[in-house]
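Protein chains in written order, with this note's numbering: chain A, 151 to 372; chain B, 151 to 372.
By construction, the Cβ of each residue, glycine as well, lies at the ideal position given by its N, Cα and C atoms.
There are 2 protein chains.
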Amino acid sequence: MDAVIKVGGSLAESPAMLKTLCNRLSEIAEKHSIVVVPGGGKFADAVREFDQRYALSADAAHRMAILGMDQFGLLLAQIVPNSCATYSLSDAKQLSERKAVPIFLPSRLMFEENPLEASWDVTSDSIAAYVASKLKADKVILVTDVDGIFTSDPKKHPDAKLIPKLSVSELLAFSQRTSVDKFLPKLLLKTRLDCYVVNGAYPERIAAILAGQRTVCTLIKA
Amino acid sequence: MDAVIKVGGSLAESPAMLKTLCNRLSEIAEKHSIVVVPGGGKFADAVREFDQRYALSADAAHRMAILGMDQFGLLLAQIVPNSCATYSLSDAKQLSERKAVPIFLPSRLMFEENPLEASWDVTSDSIAAYVASKLKADKVILVTDVDGIFTSDPKKHPDAKLIPKLSVSELLAFSQRTSVDKFLPKLLLKTRLDCYVVNGAYPERIAAILAGQRTVCTLIKA
Numbered sequence: 151m152d153a154v155i156k157v158g159g160s161l162a163e164s165p166a167m168l169k170t171l172c173n174r175l176s177e178i179a180e181k182h183s184i185v186v187v188p189g190g191g192k193f194a195d196a197v198r199e200f201d202q203r204y205a206l207s208a209d210a211a212h213r214m215a216i217l218g219m220d221q222f223g224l225l226l227a228q229i230v231p232n233s234c235a236t237y238s239l240s241d242a243k244q245l246s247e248r249k250a251v252p253i254f255l256p257s258r259l260m261f262e263e264n265p266l267e268a269s270w271d272v273t274s275d276s277i278a279a280y281v282a283s284k285l286k287a288d289k290v291i292l293v294t295d296v297d298g299i300f301t302s303d304p305k306k307h308p309d310a311k312l313i314p315k316l317s318v319s320e321l322l323a324f325s326q327r328t329s330v331d332k333f334l335p336k337l338l339l340k341t342r343l344d345c346y347v348v349n350g351a352y353p354e355r356i357a358a359i360l361a362g363q364r365t366v367c368t369l370i371k372a
Numbered sequence: 151m152d153a154v155i156k157v158g159g160s161l162a163e164s165p166a167m168l169k170t171l172c173n174r175l176s177e178i179a180e181k182h183s184i185v186v187v188p189g190g191g192k193f194a195d196a197v198r199e200f201d202q203r204y205a206l207s208a209d210a211a212h213r214m215a216i217l218g219m220d221q222f223g224l225l226l227a228q229i230v231p232n233s234c235a236t237y238s239l240s241d242a243k244q245l246s247e248r249k250a251v252p253i254f255l256p257s258r259l260m261f262e263e264n265p266l267e268a269s270w271d272v273t274s275d276s277i278a279a280y281v282a283s284k285l286k287a288d289k290v291i292l293v294t295d296v297d298g299i300f301t302s303d304p305k306k307h308p309d310a311k312l313i314p315k316l317s318v319s320e321l322l323a324f325s326q327r328t329s330v331d332k333f334l335p336k337l338l339l340k341t342r343l344d345c346y347v348v349n350g351a352y353p354e355r356i357a358a359i360l361a362g363q364r365t366v367c368t369l370i371k372a
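In structure tokens, the structure reads:
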């Protein structure tokens with residue numbers, strides 16, 4: 151398996167951009183074996199809102215948010231050409247070998263194995279890394295709406311600098327919020343997976359990462 | 151099985167009211183065997199929004215909305231005392247016999263059997279009636295945010311009259327939108343189930359229906 155690619159839910163805010171990205175993923179799958187893991191986006195946001203109003207248990211909120219990933223996954227399966235949504239890791243593997251784009255719906259695996267802590271520190275980033283480790287993928291690529299990890303929040307600080315490469319230990323030592331979830335570095339440390347954070351508005355960057363070329367992104371080195 | 155009770159997602163807009171209702175459901179379960187089926191509410195609304203923006207297939211939107219019912223079910227399981235969320239009809243039956251409140255998460259049953267048409271005409275109302283027929287329940291009770299079915303939309307027409315009782319055929323002949331989904335009468339005709347529409351702000355009405363007493367509601371007679 152070349153890569154598990156997480157498509158961030160925030161990308162759904164721009165249908166034109168998301169469709170372009172999804173078309174490119176289908177082309178990428180002709181050269182590389184990939185599995186797509188959906189983000190949660192608006193579907194997980196609805197859960198966050200109820201979590202605040204109802205003070206849900208961490209476990210319930212976690213499960214509800216994971217169902218939000220299934221929902222976005224079913225949406226992605228509609229717009230990625232030659233794709234197929236599946237709950238099964240082995241089906242995902244077989245589909246990727248046939249140059250299709252498997253969209254992995256994580257709820258059943260996560261509910262059965264329950265391998266990660268139930269908290270909002272664990273989002274689809276960590277779940278994608280977990281799926282990548284289960285599939286023995288070479289890398290996990292987190293496709294999001296920013297260019298990568300910055301020295302500070304680029305939406306608030308225009309002078310923030312993109313960090314092209316950092317180690318997991320450096321990410322663990324980061325004090326401020328980044329574009330990836332808080333649990334991710336712990337999981338990368340354990341799974342020894344290389345992780346890329348890349349902007350979905352430029353799908354050629356994903357192709358470049360898979361081709362081993364330099365591009366605009368952040369590599370979190372295991 | 152005395153009744154399958156659908157708790158409408160719109161009731162989640164008032165946490166205090168929903169909690170009172172949920173406490174009463176737990177008391178009701180001590181006298182009657184019930185299974186709760188969740189509505190979709192805000193979780194299904196998020197799907198509707200994306201359906202409009204992405205023109206999803208009817209099947210994808212249907213599945214995504216059903217996952218929204220699972221999400222609301224997990225929320226209900228947090229606030230109904232002595233409840234347990236389950237994907238299994240037989241577990242739900244057993245739980246109800248032990249005076250617990252089973253919250254039935256419908257996605258797995260619906261994805262496996264796919265018994266109803268995939269459209270927005272089929273919502274949690276029809277799914278609750280389907281579950282009630284599978285469980286051979288005596289009745290299905292749709293708990294919502296209005297007193298029942300009116301002669302016209304009570305939110306728009308203050309002179310609308312509550313209809314205490316109507317036949318399925320009369321409901322089928324109704325031209326305007328009602329508070330229940332469009333597919334429901336067809337399903338009630340087939341399953342020969344009595345269906346009650348009742349306001350969740352007055353949980354004593356649900357208790358009255360189960361006790362065979364007269365109360366403010368609409369009975370759709372099979």
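For residue i, collect the residues of the same chain with a Cβ closer than 7 Å to its Cβ; drop the 5 residues on either side in sequence, then sort them by chain order.
i              : result
A235 (chain A) : G223, L224, A227, I253, L255
S329 (chain B) : T294, V296, I299, V347
Q221 (chain A) : F193
S283 (chain A) : T341, L343
L353 (chain B) : Residue identity check: residue 353 (chain B) is Pro in the sequence provided, not Leu. Contacts found: T170, L171, R174.
K249 (chain A) : A179, E180
Looking only at its own chain, which residues have a Cβ that is under 8 Å from the Cβ of residue i, when we skip the five neighbours before and after it?
i              : result
K371 (chain A) : K315, L316, S317, V318, D344
E262 (chain B) : none
S246 (chain B) : M151, A179, S183, I184, V185, P252
L266 (chain A) : M260, V272, S276, I277, Y280, F333, L337
L285 (chain B) : M151, V154, V185, L239, A242, K243
G362 (chain B) : none
S269 (chain A) : A208, H212, F333
R327 (chain B) : D303
N349 (chain B) : V293, T294, D295, V296, D297, G298, R355, V366, C367
Short check: CB of residue i to CB of residue j, under 9 Å?
i              : j              : result
E199 (chain A) : K192 (chain B) : yes
K156 (chain A) : S274 (chain A) : yes
S160 (chain A) : G189 (chain A) : yes
I313 (chain A) : A153 (chain A) : no
I356 (chain B) : L217 (chain B) : no
M219 (chain A) : S257 (chain A) : yes
A196 (chain B) : A196 (chain A) : yes
G158 (chain B) : L321 (chain B) : no
K289 (chain B) : T301 (chain B) : no
List the residues that DSSP assigns as beta-bridge partners of residue i.
i              : result
T294 (chain B) : B:N349
S233 (chain B) : B:V251
I155 (chain B) : B:V186, B:I291
K371 (chain B) : B:S317
F300 (chain A) : A:L312
D344 (chain A) : A:K289
Shorter than 9 Å from the beta carbon of residue i to some beta carbon of chain C?
i              : result
G189 (chain B) : The structure shown contains no chain C; its protein chains are A and B.
Leaving aside the five residues before and after residue i along the sequence, list all residues of the same chain whose C-beta is less than 6 Å from its C-beta, in chain order.
i              : result
R364 (chain B) : none
C172 (chain A) : I229, V230
A162 (chain A) : L168, G191
S233 (chain A) : A227, V251, I253
L369 (chain B) : K315, Y346
A287 (chain A) : M151, A153, V154
A351 (chain A) : M167
Say the cut is 8 Å; is the CB of residue i nearer than that to a heavy atom of the ligand MN?
i              : result
L168 (chain A) : Among the components modelled here there is no ligand, and therefore nothing to report on the ligand MN.
What are the residues of the region 259-291 of chain B that lie near chain A, defined by any Cβ-Cβ distance shorter than 8 Å? none
Any C-beta of chain A within less than 7 Å: which residues of the region 204-217 of chain B qualify? Y204, L206, S207, A210, R213, M214, L217
Of all the residues that make up the region 218-233 of chain B, which are near chain A by a beta-carbon distance shorter than 8 Å? G218, D220, Q221, L224, L225, A227, Q228, I229
Counting Cβ pairs closer than 8 Å, one from the region 201-210 of chain B and one from the region 174-187 of chain B, do we hit at least three? no
Residues within the region 185-200 of chain B neighbouring chain A, beta-carbon criterion of under 7 Å: K192, F193, A196, V197, F200
If you measure beta-carbon to beta-carbon, which residues of the region 161-178 of chain A are closer than 8 Å to chain B? A162, P165
Any chance the region 330-340 of chain B sits against the region 266-279 of chain B, with 3 or more Cβ pairs inside 8 Å? yes
Touch test, the region 304-312 of chain A against the region 211-221 of chain A, Cβ-Cβ under 8 Å, three pairs minimum: no
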